[in-house]
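Residue numbers (the UniProt record's numbering): 1 to 164. Using N, Cα and C, we set each Cβ at its ideal position, and we do this for glycine too. Read through the structure below, which is laid out as structure tokens, and then see the notes.
Okay, here's the thing in structure tokens:
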């Protein structure tokens with residue numbers, strides 16, 4: 001097998017991060033936020049007691065919750081109405097309501113996963129077609145690893161430097 005064929009034969013298991021920071025489906029949002037900060041990650045798989053994938057909670061999920069405000073009125077300009085947002089609730093009180101909630105209340109349940117033996121091109125295609133930031137790698141429904149867009153880019157950079 002020549003170098004090009006070896007590169008095409010690379011699997012998800014070859015580039016995935018194996019030591020995945022995660023939360024349990026019984027954890028609180030506060031636990032997830034603490035892990036985002038401590039480990040500098042933007043998303044955490046949510047698993048059950050058997051390490052099976054239940055969901056994915058991201059920093060974006062948290063941001064969408066704390067930015068939850070209402071349209072108070074509309075300003076009608078020529079050709080286009082513009083909503084005016086007014087948020088009367090302070091972020092501190094939103095945080096207090098959010099912190100104790102279960103992670104599964106705000107986590108995405110429709111998670112993009114691939115088997116460990118998926119090739120890199122399939123994974124890259126998922127990133128494009130599904131417009132996701134992370135893909136969870138699984139073996140028989142159990143969390144095996146995670147791949148980010150950055151992992152794919154690093155792999156491509158390694159291929160480029162090896163070619164020179």
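Any C-beta of chain C under 7 angstroms from that of residue i
i, result
"residue 158", "No chain C appears in this structure, which consists of one protein chain only."
Selected residue, minimal CA-CA separation from residue i, among the options
i, options, result
"residue 95", "21, 157, 30 and 135", "30"
"residue 55", "12, 35 and 44", "44"
"residue 132", "145, 100 and 60", "60"
"residue 141", "164, 116, 9 and 121", "116"
Residue j beta carbon less than 7 angstroms from that of residue i
i, j, result
"residue 151", "residue 53", "no"
"residue 112", "residue 126", "yes"
"residue 32", "residue 23", "yes"
"residue 57", "residue 107", "yes"
"residue 123", "residue 147", "yes"
"residue 46", "residue 25", "yes"
"residue 137", "residue 144", "yes"
Three-way DSSP call (helix, strand, coil) for residue i in this model
i, result
"residue 28", "strand"
"residue 43", "strand"
"residue 53", "strand"
"residue 23", "strand"
So within the UniProt domain "CBS" (107 to 164), which uninterrupted beta strand (DSSP E) runs reach at least 3 residues, ignoring any that extend past its ends? You should have 113 to 115, 134 to 139 and 142 to 148.
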